[in-house]
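Student: Read left to right, the sequence shown gives residues 844 to 1007 (our numbering). Backbone N, C-alpha and C define an ideal beta-carbon position, used for all residues, glycine too. I'd like to ask you about the structure that follows.
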Amino acid sequence: MTIMPVNKKLLVTLGLLSIVVFGAMTNIKPQDEGFKNLKVLPKNISGENLHKVMEDWEHSLGVHCNFCHARNEETKKMDWASDAKPEKAMARDMYKMMNKINQKYFHAKKDSLGMIMQSGVNCNTCHRGTAHPEVMVPDGKGPGGQPGPPPAGPAPGNPAPTKP
Ligand code: HEC
Ligand code: HEC
């Protein structure tokens, strides 16, 4: 008879304890979002930060996710970890190039995630919303310049305005 309240207390204590332990475990979880194939970004990057990087790339290149990411035709779902598209490999090379330029020539430091800060150039410096930045040849007529090589046809520099 006198043992019951003790056991109840014990159960309550154990119950509370497990909540605390469980809570602590779930607190650790956001560290690993389960990304499977990160080779240039920090492996422990949060989902939120990865998404920021991906959206940054989308906007800089003026493309959507599927420009670099392949879809699994069986499941009809995006396979984010897949390396099937060459554009994804190119993006990794571009990221490495950008880091090298910033580190070597702009003396960029690393941020808290260990990512090299974009203190000199970023994707948009060159891409400006397009996947294929044209090589512009300065023509001495102010900002911009002409896309090279010059197009065949009417004299360059004074194209007739097209009316819709
Ligand atoms: C310009 C190319 C490009 C675009 C656009 C892009 N991604 Fe990525 N994405 C990559 C590359 C490259 C990696 C691998 C990074 C690495 O190796 O560290 C990656 C990795 C990922 C991963 C991690 C997959 C894993 O498990 O390894 C996810 C999730 C992801 N991208 C989602 C998206 C989403 C969502 C969008 C659209 C909002 C998007 N990406 C747009 C190039 C791109
Ligand atoms: C120093 C200038 C520069 C920077 C910085 C730069 N790019 Fe590029 N990128 C280029 C040029 C030039 C091309 C070649 C365009 C072509 O061949 O039509 C290119 C091509 C690409 C392509 C291939 C496009 C295709 O159709 O296959 C991808 C993907 C790409 N860049 C992603 C990125 C990403 C992501 C970043 C930032 C991490 C970045 N680039 C930063 C200049 C740059």
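Could you tell me the distance, in whole angstroms, from the CA atom of C969 to the CA atom of V980?
Tutor: Rounded to whole angstroms, C969 to V980 spans 14 Å at the Cα level.
Student: In the DSSP assignment, find the unbroken beta strand (DSSP E) run with K920 in it and report its ends.
Tutor: Segment 920-922, the beta strand (DSSP E) holding K920.
Student: Run the CB neighbour count on N850, radius 10 Å, all protein chains shown included, and call it buried at 16 or more, exposed below.
Tutor: N850 is exposed by the Cβ-count criterion.
Student: With a threshold of 7 Å on Cβ separation, who are the neighbours of K852 within its own chain once the five nearest residues in sequence on each side are excluded?
Tutor: Contacts found: none.
Student: G985 to S903, Cα distance in whole Å?
Tutor: Those two C-alpha atoms are separated by around 24 Å.
Student: Going by DSSP, what residue range makes up the alpha helix (DSSP H) through R914?
Tutor: First-last for R914: 913-915, but that is the beta strand (DSSP E), not the alpha helix (DSSP H).
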